[in-house]
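Participant: Chain order of the listed sequences is A and B. The opening position of the first sequence corresponds to residue 5 in the working numbering, with each subsequent residue numbered one higher. The opening position of the second sequence corresponds to residue 290 in the working numbering, with each subsequent residue numbered one higher.
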Amino acid sequence: MKFKSLVAAVAASALAVAGLSACSVDKSEQSADKPTIRIAYQALISGDLIVKNNKWLEEALPDYNIKWTKFDSGADVNTAFIADELDFGTLGSSPVARGLSEPLNIPYKVAFVLGVAGENEALVARDGTGINTVADLKGKRIATPFASTAHYSLLAALEQAGLTPNDVQLIDLQPQAILAGWERGDIDAAYSWLPTLDELRKTGKDLISSRQLAEAGKPTMDLATVSDAFAEAHPDVVDVWRKQEARALDVIHNDPEAAAKAIAAEIGLTPEEVAGQIKQTVFLTPAEEASAEWLGTDGKPGNIAVNLQSASQFLADQNQIPEAAPLKVFQDAIYTKGLPGALTE
Amino acid sequence: MSVFVDITPDEHAVAAPEVSPARPWRGRLTRLALPLLSVLVFLAAWQLAAASGIWNKTFVPYPSAVWQAFIDISTTHDGVRGYAGYLLWEHLYMTLRRVFAGVLIGVTVGVLLGLVMGSISWVRSVLEPWLTFLRALPPLAYFFLLVIWLGIDEAPKITLLALAALPPAAVATTTAVVAAPVGLQEAARALGATRAQVLRDVVVPSALPETFTGIRLAVGMAYSSVVAAELFNGIPGVGGLVKDASNYNNTPVVLVGIFAIGFSGLVIDGLLRALERRAVPWRGKI
């Protein structure tokens, strides 16, 4: 701590000198005399981007610098958490399960459900392959981005249809490569997400979507996590942050147009495209967030812990972790402090 | 790109102290013991760094964890076969096969191009900007285009490796052909040799040592593009293994992959150098 304050002092004096001698070109409005909250976000359709675009956190927390950093995958967010470079982060349920299991054991807690995969993630079969059900996939080539929520959903769908991964040919492809392989006829089916998914649907047929899998007890989610150290030191900030996220959910439900506009500004799609994607994703209401099905209430962690445990088991089956962590680990990793009251003013 | 230039001291220079009868052990010591010692020191430092607990195990796993991952990937254990259903040697074999095919195509085309560019100056003027352009491109930048054009199977991977291997081979050959001693060429012409004979008996032999360096660089370039080439649908393959494991923050497996790529690269370079010694014994003697 002493070292940190020394560094801060040095940085402050350096900045003061710089400020005296020349004008700064940094536009991010960071001042060194305020502590910084470090937030990782991803280009996902979620309320997080509404909060960011409208600068709600900056408004609600004037005594802090807010530093938003964009990440491309949950694995990278995990790495940054391990390096102690983040306070808040956005990542899928699979990476969270990975982070909470051995050997990573990242000290963070799930504090919010940003979105639940619905029709925006689905398994599609290409026209002309004669595949009409998931069971028809036996022996076929199916592409999906490995280590993603879609990968998890695909294996869950196969299992549901009585197939094992060995019955099909699984191929690791990122969405844009799925599209290329699809159009060339290299793959028969793919589990992917929007916007690639809409392109696939033009010449394909939905076999199962993540919404159906969620109803069958295998949901995949985009979650927001907060580091244990930060949550302990600044529970008030976490409360403010949750309120802003809840406010974004309200906007999504009550004013989807404004939501689409704010998200579109952040990820470079048109508001119309974003509006279409919002419709296909499941967004909870603040009341649902604190229900037993999702986060739960103070002292009574909800069903998310069970879902994460199942995702952990999936990783163990994939031999990516030695063994699945017990349910208790995940229950302890749900940040339920002050729920359900904390989400509403 | 020229930073990759052969930094290994000339073989003969290294071998020289060995033949001196006064201290035969000295050469052997530097050749065998020192590399071994450096590996041991490295392992010890690694173990200490991991045991110190300063860094998380994801960043600095124990050497034993990496060894365990190596064993796990190399064997069938608890009914699980290697990593993602393939054993380590199968991953390595697929990667080497791709590298071999890519390098073969890239080097063949590159050396032929180099010969033509070196001997006919207008061809060089036409092709040089294209070659330089290609050489400056990181493979990742254009790999996605290859996937769109060539699909997701072997074709784009081999093409990528060939494109990575081509420029160094072509550039080295061109330079070597241009630098072929004019005196010797003119002497041969004066003795009645035809243009083809001069090329075959004077230019090619004098260019060969440099060309070999180019080939070694080409193999190095192709090898360093392996992870990029196996970014899509790369399993089985060591590059695909590294990429997949890093998606799961599975550092021990990533390290096993890195070591596999590094060690096989060393072996291949050693083989190439041995081949070079056999094929161009006149290196450095013209």
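Where is the CB? At the ideal position from N, CA and C, for every residue including glycine. Everything numeric in this text was worked out from a predicted model, so none of it was measured.
So B/S535 contacts chain A; which residues on that side make the cut at Cβ distance below 7 Å?
Facilitator: Within 7 Å Cβ-Cβ: A79.
Participant: Tell me whether B/K446 is buried or exposed, calling it buried when 16 or more other Cβ atoms sit within 10 Å of its Cβ.
Facilitator: By the neighbour-count rule (16 or more Cβ atoms within 10 Å), B/K446 is buried.
Participant: Going by beta carbon distance, what residues of the same chain come within less than 6 Å of A/A47, once the five residues before and after it are set aside?
Facilitator: Correct list, in chain order: I271.
Participant: Can you check which of these residues, B/I524, B/W378, B/P350, is closest to B/S363 by C-alpha distance?
Facilitator: Nearest C-alpha to B/S363: B/W378.
Participant: Residues of chain B with a CB under 8 Å from the CB of A/A151: which are they?
Facilitator: Within chain B, the residues near A/A151 are D533, N536, Y537.
Participant: Less than 8 Å between CB atoms is the rule here; does B/K346 satisfy it with respect to chain A?
Facilitator: Cβ-Cβ to chain A under 8 Å: yes for B/K346.
Participant: What does B/G440 touch in chain A if you count any residue whose Cβ is under 7 Å from its own?
Facilitator: Result: G185, R188, D190.
Participant: Distance, Cα to Cα, B/T502 vs A/A139?
Facilitator: Their backbone Cα atoms lie some 55 Å apart in a straight line.
Participant: Whole angstroms is fine: what's the gap from A/E63's alpha carbon to A/V117's?
Facilitator: Answer to the nearest angstrom: the Cα atoms are 22 Å apart.
Participant: Name the residue from B/P313, B/G342, B/V369 whose alpha carbon lies nearest to the alpha carbon of A/P323.
Facilitator: In the sequence as presented, Pro is not what sits at residue 323 of chain A; that position holds Asn. Comparing Cα positions, the closest option is B/V369.
Participant: Within 8 Å of any Cβ in chain A, is that where the Cβ of B/V556 sits?
Facilitator: Not one chain A Cβ lies under 8 Å of B/V556.
Participant: For A/A233, which residues in chain B fall below 9 Å Cβ to Cβ?
Facilitator: Residues of chain B passing the Cβ test: none, with the nearest at roughly 14 Å.
Participant: Would you call the region 419 to 427 of chain B in contact with the region 563 to 575 of chain B, where contact means no fewer than 3 C-beta pairs closer than 8 Å?
Facilitator: The region 419 to 427 of chain B, when compared against the region 563 to 575 of chain B, does not touch it at the 8 Å Cβ threshold.
Participant: Contact criterion: CB-CB distance below 8 Å. Does A/A129 meet it with respect to chain B?
Facilitator: Answer no: the Cβ-Cβ gap between A/A129 and chain B never drops below 8 Å.
Participant: Which partner residues of A/L227 appear in the DSSP bridge assignment?
Facilitator: Bridge partners of A/L227: A/L95, A/V117.
Participant: In the DSSP assignment, find the unbroken beta strand (DSSP E) run with A/K71 in it and report its ends.
Facilitator: Its beta strand (DSSP E) spans residues 69 to 75.
Participant: Assuming contact is defined by CB atoms lying nearer than 8 Å, are A/S152 and A/K222 in contact in what I supplied?
Facilitator: No, Cβ-Cβ distance for A/S152 and A/K222 is not below 8 Å.
Participant: Tell me, please, whether the CB atom of A/P107 is closer than 8 Å to any CB atom in chain B?
Facilitator: Yes, A/P107 lies at the interface with chain B (some Cβ there is under 8 Å from its Cβ).
Participant: Given that A/Q313 touches chain B, what residues does it touch there, using C-beta distances under 8 Å?
Facilitator: Residues of chain B passing the Cβ test: none, with the nearest at roughly 17 Å.
Participant: Does A/E219 pass the burial test, meaning 16 or more other C-beta atoms within 10 Å, or should it be called exposed?
Facilitator: Result: exposed.
Participant: Is DSSP giving A/K144 helix, strand or coil here?
Facilitator: In the structure shown, A/K144 sits in coil (DSSP, three-state: anything other than H, G, I, E or B).
Participant: Could you check where the alpha helix (DSSP H) with B/S410 kicks off and where it finishes?
Facilitator: Residues 410 to 425.
Participant: Quick one: which chain A residues come within Cβ less than 7 Å of B/V436?
Facilitator: In chain order: A181, A184.
Participant: Taking all protein chains shown into account, do 16 or more other C-beta atoms lie within 10 angstroms of the C-beta of A/R215, making it buried, or fewer, making it exposed?
Facilitator: It counts as buried.
Participant: Which chain B residues sit within Cβ distance under 9 Å of A/L177?
Facilitator: Ordered by position in chain B, the residues that pass the 9 Å Cβ test against A/L177 are V436, I441, F521, N522.
Participant: Classify A/P305 as helix, strand or coil using the three-state DSSP reduction.
Facilitator: In this structure, A/P305 counts as strand in the three-state DSSP scheme.
Participant: Just to confirm the assignment, what range does the beta strand (DSSP E) spanning A/Y195 have?
Facilitator: 193 to 197 is the extent of the beta strand (DSSP E) around A/Y195.
Participant: Note down, in chain order, all residues in the region 58 to 85 of chain A with a beta-carbon under 8 Å from any beta-carbon belonging to chain B.
Facilitator: So the list reads S77, A79, N82, T83, given in the order they occur along the chain.
Participant: Below 8 Å between beta carbons: does that hold for A/Q313 and A/L331?
Facilitator: Against a cut-off of 8 Å, the Cβ pair of A/L331 and A/Q313 comes out as a contact.
Participant: Excluding the 5 residues preceding and the 5 following A/T289 in the sequence, name in chain order all residues of the same chain whose CB lies nearer than 7 Å to its CB.
Facilitator: Hits under 7 Å: L253, H257.
Participant: At a threshold of 7 Å, does A/V120 count as lining the ligand PLP (C-beta to nearest heavy atom)?
Facilitator: You won't find the ligand PLP in this model; it holds no ligand whatsoever.
Participant: Going along the chain, which residues of its own chain have a beta-carbon closer than 6 Å to the beta-carbon of A/V242, five neighbours each way excluded?
Facilitator: These residues qualify, in order along the chain: V230, A235.
Participant: How many Å lie between B/H301 and B/V460 at the Cα?
Facilitator: At B/H301, the pLDDT of 48 sits below 50, so the modelled position is not reliable; the number obtained from the coordinates is stated separately. Roughly 26 Å separates the two Cα atoms.
Participant: I believe B/D533 touches A/D80 by the beta-carbon criterion, under 8 Å. Please report the beta-carbon distance rounded to the nearest angstrom.
Facilitator: Not confirmed; about 15 Å, so no contact.
Participant: Is it the case that the Cβ atoms of A/L204 and A/V128 are separated by a distance below 8 Å?
Facilitator: Closer than 8 Å, so yes.
Participant: In whole angstroms, what separates the C-alpha of A/D52 from that of A/A262?
Facilitator: Between A/D52 and A/A262, the C-alpha separation is close to 14 Å.
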